[in-house]
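Undergrad: So the protein sequences, as listed, match chains S and R. Using this note's numbering, the first residue of the first sequence is number -3, and each one after it goes up by one. Using this note's numbering, the first residue of the second sequence is number -3, and each one after it goes up by one. Each residue gets a CB set at the ideal place from its N, CA and C atoms; glycine is no exception.
Number of protein chains: 2
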Amino acid sequence: MKKKLTLKTIAKHFNVSIATISKALKNSYDISEERRKEVQKFAKENGYKPNIFALGLKRNKTNTIGLILPNILNLYFAKVFSGVEKIANEHGYNVVICISNDNYQKEVDATNMFVNGTVDGFIVSLAEETQKLQNYSHFKNAIKQDVGLVMIDRVTDEVNCDKVIVNDAKAAYDATEYFISNQRKNIALVSIISHTSVGKLRIQGYKKALENNNILVDENLIIRVGKNDDLETLLKVVLGSRKVDALLCLEETATISTLEILKKLHYKIPENISLIGFTNGELLQHVTPKVTSVSQHGVFMGEQAMRFLAAKLKEIEEDKVSSSKTKIVKTTILERESTIKL
Amino acid sequence: MKKKLTLKTIAKHFNVSIATISKALKNSYDISEERRKEVQKFAKENGYKPNIFALGLKRNKTNTIGLILPNILNLYFAKVFSGVEKIANEHGYNVVICISNDNYQKEVDATNMFVNGTVDGFIVSLAEETQKLQNYSHFKNAIKQDVGLVMIDRVTDEVNCDKVIVNDAKAAYDATEYFISNQRKNIALVSIISHTSVGKLRIQGYKKALENNNILVDENLIIRVGKNDDLETLLKVVLGSRKVDALLCLEETATISTLEILKKLHYKIPENISLIGFTNGELLQHVTPKVTSVSQHGVFMGEQAMRFLAAKLKEIEEDKVSSSKTKIVKTTILERESTIKL
DNA sequence: CTGAAAGCGCTAACAC
DNA sequence: GTGTTAGCGCTTTCAG
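1) First and last residue of the alpha helix (DSSP H) that includes S193 (chain R)?
2) Please give me, in chain order, every unbroken run of the beta strand (DSSP E) with length at least 3 that falls completely inside the stretch 241 to 279 of chain S.
3) Under 6 Å Cβ to Cβ from V186 (chain S), same chain only, skipping five residues before and after it: list those, please.
4) Using CA atoms only, rank isn't needed, just tell me which of S:L309, S:T284, S:I48 and S:E247 is closest to V221 (chain S).
5) At a Cβ cut of 7 Å, what residues of the stretch 284 to 296 of chain R count as close to chain S, listed as they run along the chain?
6) Straight-line CA distance for L309 (chain S) to G201 (chain S)?
7) Report the three-state DSSP secondary structure of G88 (chain S) (helix, strand or coil).
8) What residues from chain S crowd round N137 (chain R), counting only those whose CB sits closer than 8 Å?
9) Considering only their Cβ atoms, is the gap separating Y100 (chain S) from L129 (chain S) smaller than 8 Å?
10) Answer with buried or exposed for D149 (chain R), where buried requires no fewer than 16 other C-beta atoms within 10 angstroms of its C-beta.
11) Any idea if Y174 (chain S) is buried or exposed, counting beta-carbon neighbours within 10 angstroms, 16 or more meaning buried?
12) Within 10 angstroms of the Cβ of V233 (chain S), are there 16 or more other Cβ atoms? Answer buried if so, exposed if not.
13) Can S270 (chain R) and R180 (chain R) be called in contact, C-beta distance under 8 Å?
14) Pick helix, strand or coil for A123 (chain S), following the three-state DSSP scheme.
15) To the nearest angstrom, how far is it from the Cα of Q281 (chain S) to the Cα of K259 (chain S)?
16) Suppose only complete runs of 4+ residues qualify. What are the alpha helix (DSSP H) ranges in the stretch 137 to 199 of chain R, listed by chain order?
17) Closer than 8 Å is the cut-off here; do at least three beta carbon pairs connect the stretch 38 to 56 of chain R with the stretch 118 to 126 of chain R?
18) Beta-carbon within less than 6 Å of V160 (chain R)'s beta-carbon, same chain only, minus the 5 sequence neighbours each way: which residues are those?
19) Could you tell me which residues DSSP puts in a beta bridge with T58 (chain R)?
20) Look at the Cβ atom of G43 (chain R), then the Cβ atom of L1 (chain R), and state whether they are nearer than 8 Å.
21) Using a Cβ-Cβ cut-off of 8 Å, state whether T114 (chain R) counts as contacting chain S.
22) What residues in the stretch 141 to 158 of chain R have a beta carbon less than 8 Å from any beta carbon of chain S?
23) Output the boundary residues of the alpha helix (DSSP H) element that contains R332 (chain S).
24) Per DSSP, which residues does K323 (chain R) bridge with? Please list them.
25) Which same chain residues, not among the five before or five after D241 (chain S), have their C-beta less than 8 Å away from its C-beta?
26) Please identify the residue among R:V35, R:F10 and R:D98 whose C-alpha is closest to the C-alpha of L21 (chain R).
27) Of the choices R:T152, R:V155, R:D225 and R:G195, whose alpha-carbon is the least far from that of D164 (chain R)?
28) Going by other Cβ atoms of all chains shown within 10 Å of its Cβ, with 16 needed for buried, is E81 (chain R) buried or exposed?
29) Kindly give me the distance between the Cβ atoms of N108 (chain S) and H134 (chain S), rounded to whole angstroms, as I take these residues to be in contact under 8 Å.
30) Spatial neighbours of R332 (chain R) within its chain, please: C-beta separation below 8 Å, excluding the five flanking residues on both sides.
31) I want to see whether chain S comes within less than 8 Å of V104 (chain R), judged by CB atoms only; does it?
32) Restricting to Cα atoms, I'd like to know which of S:E207, S:L305 and S:I139 is closest to G79 (chain S).
33) I want to verify the contact list: residues of chain R whose CB lies under 7 Å from the CB of F49 (chain S), in sequence order.
34) Within a Cβ cutoff of 8 Å, which residues of the same chain sit near I336 (chain S), ignoring the five residues on either side of it in sequence?
35) Are the CB atoms of F118 (chain S) and L377 (chain S) within a distance shorter than 8 Å?
36) Which stretch, first to last residue, makes up the alpha helix (DSSP H) that contains V234 (chain S)?
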């Protein structure tokens, strides 16, 4: 292990004190120009880098923020990350990222690590398991310790912090109304995320739209796919037992699977059945037929979350913490080939 | 800014010395059991966390590794990240990630930051611009400073470090031979990544396969799409001017675009034209027809890279650095509907 | 069993 | 202009 260049070694080399070197490197007017030049030259040539721990110990600030995401292979979260990273960089923050894999314990571990002082603050999108367990004490603890916290997309009311969310209920409401305005009344729903806050809100929105249009909610039309369920079987049961002329899928991969099953069963899309899917990615625009989708703006949400966090960190530093803000980001319905105005 | 609990404050509370507290918390036999218990209880209740900088200053080890990726919205790189993160965690490392956006300067900045002591070592997949510029001094410098470095996928011979790569030439060679064995002889190629090491190797492999089968390489069949070029126009020119019965696309999005253009022009796939695409993601298996693809194993590559890095860091620590290793990961051709044995 | 003290690398107030 | 010194929070050696 080669030992690193420190102020001390440089000082020895020039036979002056450490302080002189420190000042020379900072271009302090205390030091003669000549000396400054030679010291800076030497430091540069030998690749002097100030020790980051020593700096941190002094400043007590990491200039790093954390990010806990349930999954990074999902393009939506990749987009969120991308937005966070961009703004973090603009503010001079590095990003440490942890993947919870929708696992409660991994989320707790990551949070504890962050609270350790590894980061100044962090952004989190809750793990599915955490939302099932409804145990949020790790986050409450983080806030108590004056670590900045922002939640994004999968959030909870139980923790008092800034949040960036999609108006999921509204998005599902709009999609459902879109069907209704096209004379579709027998609207089924497919969800593989009924456990998440997001999934629940979307189902709420769907039901509300039906109710507001005097259509009875039929719980049998709500297909909740669990980890061990086979979507094809469930779909066949529903399609075989009642009339369905529209299908709202709450999440991208389920949309793709549903589409493939419908095609296999020789349903005509959109003639027999219309399809709208929530999406994170680009899949829905490339399949045949291209699927009308409710699209979220992941990058923008990540940016917004990081802006919140940067602002919060400033507040914490200046000791004037304000109340929590929530930003609701709108979704957009992109009309494609899987729906048609009758 | 609430001030944090330190050994000092705890010591004051118990009216003992800092050293006593430090030892008590570490369960040293120096300290009476009674005292240990009460100190630990107090620390836990008040959420004592050792200051990470002070620890770092002592140990001079960050337990963090860096990762520089050209882009995270590309599922391939997301997979690489995912593999790195997994193994990093297993070894007790955190991951700081920077996105270069294929930009040389961003890559240099990230590298310099890492060399600053932010991380013990880092993994990088080169930015496209860096490969064009062929300027790798930032990495050479990193190695000189005893920071561990592993390159993955987009690498260069100019830097002497561990590498994890795909045998890109071989993969393209195999794909081309696959066409030839199916009686396709007029094989065109579409590349939007001709500037990257990866793109060049794939073109080499393609040419080699043609040569080994006594097929003349026709440079006009190699469609190199630049940033400002329109793929559709270029494709039409080639398809209009010569016979083409197979198309090898070097990258996923180009594959999708090519497929859509071919469909628009009423080519029958695979009857008139066979199609094979390199892929990072899942797109190719969901389009119609499903596209035969050369798939890479991103997660595995990330895992391998992190294993290399962990090993290298251990070597550096123990001062017995060995020579550099390169791991070549095989690709797989997944046969789907866009190719057919004649 | 407990404490004093040195030192990790750096900054900054103050002295010379 | 330059140097001395204290201190950031912690570990560790050594003395008592």
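TA: Reading off the structure:
1) Within the second sequence, numbered from 1, the residue matching residue 193 (chain R) stands at position 197. Looking at the DSSP string, the run of the alpha helix (DSSP H) that includes S193 (chain R) is S193 to N208.
2) 242 to 245 and 270 to 275
3) Counted from its first residue, the first sequence places residue 186 (chain S) at position 190. Excluding sequence neighbours, V186 (chain S) sits near I219, C245, A250 and T254.
4) One-based indexing of the first sequence puts residue 221 (chain S) at position 225. It is S:E247.
5) T284
6) The residue labelled residue 309 (chain S) in the question sits at position 313 within the first sequence. The residue labelled residue 201 (chain S) in the question sits at position 205 within the first sequence. Those two C-alpha atoms are separated by around 35 Å.
7) By 1-based counting over the first sequence, the position of residue 88 (chain S) is 92. In the structure shown, G88 (chain S) sits in coil (DSSP, three-state: anything other than H, G, I, E or B).
8) The residue given as residue 137 (chain R) occupies position 141 in the second sequence. Within 8 Å Cβ-Cβ: G43.
9) Here residue 129 (chain S) corresponds to residue number 133 of the first sequence, with the count starting at 1. Here residue 100 (chain S) corresponds to residue number 104 of the first sequence, with the count starting at 1. Cβ atoms of L129 (chain S) and Y100 (chain S): closer than 8 Å.
10) By one-based count along the second sequence, residue 149 (chain R) stands at place 153. With 16 or more other Cβ atoms within 10 Å, it is buried.
11) Sequence index remark: in the first sequence, residue 174 (chain S) carries index 178 (1-based). The residue in question, Y174 (chain S), is buried, as its Cβ has 16 or more Cβ neighbours within 10 Å.
12) Taking the first sequence and counting its residues from 1, one reaches residue 233 (chain S) at position 237. Exposed: under 16 other Cβ atoms inside 10 Å.
13) Indexing the second sequence from 1 puts residue 270 (chain R) at position 274. Indexing the second sequence from 1 puts residue 180 (chain R) at position 184. For S270 (chain R) and R180 (chain R), yes; Cβs fall inside 8 Å.
14) Taking the first residue of the first sequence as position 1, residue 123 (chain S) is located at position 127. Coil.
15) Your numbering for residue 281 (chain S) matches position 285 in the first sequence. Your numbering for residue 259 (chain S) matches position 263 in the first sequence. Using only the alpha carbons, I get a separation of about 16 Å.
16) 164 to 177
17) no
18) Position 164 of the second sequence, counted from the first residue, corresponds to residue 160 (chain R). Hits under 6 Å: I148, M297, Q300, A301 and K323.
19) The count along the second sequence starts at 1 and reaches residue 58 (chain R) at position 62. BP columns for T58 (chain R) are empty, so no partner.
20) As a working mapping, residue 43 (chain R) is identified with position 47 in the second sequence. As a working mapping, residue 1 (chain R) is identified with position 5 in the second sequence. Yes.
21) For the purposes of this step, residue 114 (chain R) is taken as residue 118 along the second sequence, with counting starting at 1. Output row for T114 (chain R): interface = yes.
22) Q141 and D142
23) As a first step, residue 332 (chain S) is located in the first sequence; it is residue number 336 there, counting from the start. It is not in any alpha helix (DSSP H) - R332 (chain S) carries neither H nor E in the DSSP assignment.
24) By 1-based counting over the second sequence, the position of residue 323 (chain R) is 327. In the DSSP output, where bridge partners are listed per residue, K323 (chain R) has R:V160.
25) Along the first sequence, one-based indexing puts residue 241 (chain S) at 245. Excluding positions up to five away in sequence, the list reads R180, K181, N182, I183, N268, I269 and S270.
26) In the second sequence, counting from the first residue as 1, residue 21 (chain R) sits at position 25. Among R:V35, R:F10 and R:D98, the Cα nearest to that of L21 (chain R) is on R:V35.
27) Position 168 of the second sequence holds residue 164 (chain R). Taking only the C-alpha atoms, the option nearest D164 (chain R) is R:G195.
28) Here residue 81 (chain R) is taken as the residue at index 85 of the second sequence, counted from 1. Classification of E81 (chain R): buried, given that the 10 Å Cβ count is 16 or more.
29) Reading the first sequence from its first residue, position 112 is the one you call residue 108 (chain S). Reading the first sequence from its first residue, position 138 is the one you call residue 134 (chain S). 7 Å between Cβ atoms; contact.
30) For the purposes of this step, residue 332 (chain R) is identified with residue 336 of the second sequence, where counting begins at 1. Same-chain partners within the cutoff: L280, Q281, P285, K286, V287, T288 and S289.
31) Here residue 104 (chain R) refers to the residue found at position 108 of the second sequence. False, the Cβ-Cβ gap to chain S never drops below 8 Å.
32) Position 83 of the first sequence, counted from the start, is the residue given in the question as residue 79 (chain S). Of the listed residues, the one whose Cα sits closest to G79 (chain S) is S:L305.
33) Position 53 of the first sequence, counting from 1, holds the residue named residue 49 (chain S). Ordered by position in chain R, the residues that pass the 7 Å Cβ test against F49 (chain S) are F49, G52 and L53.
34) Counting from one through the first sequence, the residue named residue 336 (chain S) turns up at place 340. N178, P266, E267 and S270, listed in sequence order.
35) The shown model of chain S, from -3 to 338, leaves out residue 377 (chain S), and the question about it has no answer.
36) The residue you call residue 234 (chain S) lines up with position 238 of the first sequence. Note, V234 (chain S): alpha helix (DSSP H), L227 to S237.
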